[in-house]
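Residue numbers (my numbering): 1 to 187.
C-beta atoms are modelled at their ideal positions from N, C-alpha and C, and glycine is treated no differently.
Scroll down for the structure; my scribbles are underneath it.
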């Protein structure tokens, strides 16, 4: 709890930091010090600023719990240190994940899988374009996870009609893509 005496923010009393003016004075006096402390953790300046500002907000919300400048500064140093370390740990996890993803993407297996996926997708799209226009619409909507009822409503058809078109379209696609299914099993 900080009380100003002759505008000296370091004089602390039982009344606490009761005004925004006192908080502003405290902020002006200590912000640079706390920012410098945060920057020692090798954070970029923007992230350090965000952390320090977050701690000032947390302090403002809990200001009644502090009775001396020593406890306030201890709160700031510990909070800033913890938040900086948490940020760095999170960045480390993100970096390790990105590295593992990059390694995976550089693998021959990943490249081959994606080539096969793209080729299969291309062939399937080509075969879908050979269906009747109505069947194309229904299959495309079905591939977008639309229910039979939703498709029927969108196309002003009955649900049995949608089911019939899907049945015929899937039968044609199965017949047309049989050799592709066999090829995928071999791979």
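Hey, would you say residue i sits closer than 9 Å to residue j, going by beta carbons?
{"i": "residue 213", "j": "residue 172", "result": "Because residue 213 is not part of the residues shown, which for the chain are 1 to 187, the question remains open."}
{"i": "residue 155", "j": "residue 135", "result": "no"}
{"i": "residue 42", "j": "residue 88", "result": "yes"}
{"i": "residue 120", "j": "residue 180", "result": "yes"}
{"i": "residue 188", "j": "residue 48", "result": "No answer is possible for residue 188: it lies beyond the span of the chain, which begins at 1 and ends at 187."}
Could you tell me the distance, in whole angstroms, from the CA atom of residue i to the CA atom of residue j?
{"i": "residue 45", "j": "residue 34", "result": "12 Å"}
{"i": "residue 176", "j": "residue 107", "result": "32 Å"}
{"i": "residue 169", "j": "residue 100", "result": "41 Å"}
{"i": "residue 51", "j": "residue 36", "result": "12 Å"}
{"i": "residue 163", "j": "residue 145", "result": "14 Å"}
{"i": "residue 97", "j": "residue 160", "result": "48 Å"}
{"i": "residue 165", "j": "residue 149", "result": "13 Å"}
{"i": "residue 83", "j": "residue 54", "result": "9 Å"}
{"i": "residue 30", "j": "residue 56", "result": "10 Å"}
{"i": "residue 64", "j": "residue 25", "result": "17 Å"}
{"i": "residue 68", "j": "residue 61", "result": "16 Å"}
{"i": "residue 140", "j": "residue 153", "result": "15 Å"}
{"i": "residue 91", "j": "residue 111", "result": "27 Å"}
{"i": "residue 123", "j": "residue 94", "result": "36 Å"}
{"i": "residue 21", "j": "residue 28", "result": "11 Å"}
Any idea what DSSP makes of residue i, helix, strand or coil?
{"i": "residue 142", "result": "helix"}
{"i": "residue 43", "result": "coil"}
{"i": "residue 19", "result": "coil"}
{"i": "residue 131", "result": "coil"}
{"i": "residue 243", "result": "With the chain covering 1 to 187 only, the question about residue 243 has no answer from this structure."}
{"i": "residue 121", "result": "helix"}
{"i": "residue 147", "result": "coil"}
{"i": "residue 107", "result": "coil"}
{"i": "residue 156", "result": "coil"}
What residue does the alpha helix (DSSP H) around residue i start on, and which one ends it?
{"i": "residue 164", "result": "159-176"}
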